[in-house]
Amino acid sequence: MVRHPTEIITEERKRMRGGTGSVRIRHFFRAEELACPIRLLAELRLSPGDSIGLHPHHGEEEIFVVLSGKGEISEDGVAWEPIGPGDATITQAGRSHTVRGTEGELVMIAIIGSCA
Numbered sequence: 315m316v317r318h319p320t321e322i323i324t325e326e327r328k329r330m331r332g333g334t335g336s337v338r339i340r341h342f343f344r345a346e347e348l349a350c351p352i353r354l355l356a357e358l359r360l361s362p363g364d365s366i367g368l369h370p371h372h373g374e375e376e377i378f379v380v381l382s383g384k385g386e387i388s389e390d391g392v393a394w395e396p397i398g399p400g401d402a403t404i405t406q407a408g409r410s411h412t413v414r415g416t417e418g419e420l421v422m423i424a425i426i427g428s429c430a
């Protein structure tokens, strides 16, 4: 299956997970289109100052791959760590995380999959 840019579903979520500002999301494929236990496969865009609030992952893991821009991520409420182009992060099942844009538009690929 090929999904062309004009076919990709885009949405904007304000104060995502209790964060600030808004997050623009491009859903490459929806969970119901996938045979594997992947809940999210999308591009996320955060402007400086925008954030996704602290939230847990139970029975699933989330991976971010940073394409451009700069941001910070905090896991389990611990100190912020800078992220930028080429960085990859993983939040394992049972952990919590939050992310925010700091410089330029933070663009990331996000994948959330079950740990079944």
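Take 315 as the starting number for the sequence shown in the numbering used here and just add one per residue. We put the CB at the ideal spot given by N, CA and C, even for glycine.
CB-CB under 6 angstroms to residue i, same chain, minus the five flanking residues each way: which ones, in chain order?
i	result
Ile425	Leu355, Ile377
Gly332	Gly367
For a test of the three-state rule: what should DSSP assign to residue i, helix, strand or coil?
i	result
Met422	strand
Ala345	helix
Arg317	coil
Gly332	helix
Ile404	strand
His369	strand
Gly398	coil
Ile322	coil
Arg414	strand
Arg409	coil
Hey, quick one: how far does the beta strand (DSSP E) through residue i stretch, first residue to last?
i	result
Pro362	Counting along the chain, Pro362 falls outside any beta strand (DSSP E), and DSSP gives it neither H nor E.
Gly383	374-389
Tell me residue i's beta-bridge partners as DSSP assigns them.
i	result
Ala356	His341, Ala424
Val392	BP columns for Val392 are empty, so no partner.
Excluding the 5 residues flanking residue i on each side, which residues of the same chain have their C-beta closer than 7 angstroms to its C-beta?
i	result
Gly373	Ala407, Ser428, Cys429
Ser336	Glu326, Arg327, Lys328, Asp364
Thr416	Pro362, Lys384, Gly385, Glu386
Spatial neighbours of residue i within its chain, please: C-beta separation below 8 angstroms, excluding the five flanking residues on both sides.
i	result
Arg317	Phe342, Phe343
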